[in-house]
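In our numbering, the protein residues as written are 105 to 287. Each residue gets a CB set at the ideal place from its N, CA and C atoms; glycine is no exception.
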């Protein structure tokens, strides 16, 4: 784990910090899985509220391309622009927020293990203190995971993504108005 940088959007499951020196703890592994499930549940809500309506607008825009473009070769470009205008920005917002939360979780858990390792590998470390260090490590993980659980379950995550998507929806309305004016 030392020197390990979490990958973008990486989702950890079950026991992400399986380590021969420390015990992540079953309760912590369960809590991490629960957080990941809550994120997925929230994303489903977000998709129902924002993405599906954007997809409908995108398909309408694509149909308009077929009706309004006189040159058949221009239709794919027009349709790609519809996807870029209506769906792609929303998906990028969602991916960015999920990656951000996952990276914050990974960072905090990495900090816990680095602190525990720093203690165990110190010259003054006494082996009889290993259990106490492991308990501190598990407690550190529990505190970090509890904070993220509150963030996700408390609705702050959903609210933040929703606010960003609302702003994107307002931008879509402006694009639609400007597109109609050009026609």
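Outcome for residue i when other beta-carbon atoms lying within 10 angstroms are tallied against a minimum of 16
i	result
residue 154	buried
residue 183	buried
residue 114	With a pLDDT of 39 at residue 114, under the threshold of 50, the modelled position of this residue cannot be trusted, and the question is left open.
residue 176	exposed
residue 278	exposed
residue 197	buried
residue 214	buried
residue 146	buried
residue 233	exposed
residue 248	buried
Extent of the continuous alpha helix (DSSP H) to which residue i belongs
i	result
residue 245	234–257
residue 190	178–190
Span separating the alpha-carbon of residue i from that of residue j
i	j	result
residue 200	residue 231	43 Å
residue 167	residue 179	10 Å
residue 281	residue 152	24 Å
residue 133	residue 144	17 Å
residue 181	residue 193	17 Å
residue 254	residue 239	22 Å
residue 128	residue 156	39 Å
residue 274	residue 135	36 Å
Own chain residues within Cβ distance below 6 Å of residue i, not counting five before or after
i	result
residue 150	265
residue 220	126, 237 and 241
residue 158	190, 191 and 194
residue 268	197
residue 209	252
Simplified DSSP state of residue i, which is helix, strand or coil
i	result
residue 50	With the chain running from 105 to 287 in the structure shown, residue 50 is simply not present.
residue 142	helix
residue 214	helix
residue 282	helix
residue 157	helix
residue 129	coil
residue 175	coil
Cutoff 8 Å: residue i Cβ touching any chain B Cβ
i	result
residue 142	Checking the listed chains, one finds no chain B in this structure; it contains a single protein chain.
Chain-order list of residues whose beta-carbon lies under 7 Å from that of residue i (same chain, five-residue window excluded)
i	result
residue 162	186, 187, 190 and 191
Same chain, Cβ closer than 8 Å to residue i, five either side skipped, listed in chain order
i	result
residue 141	none
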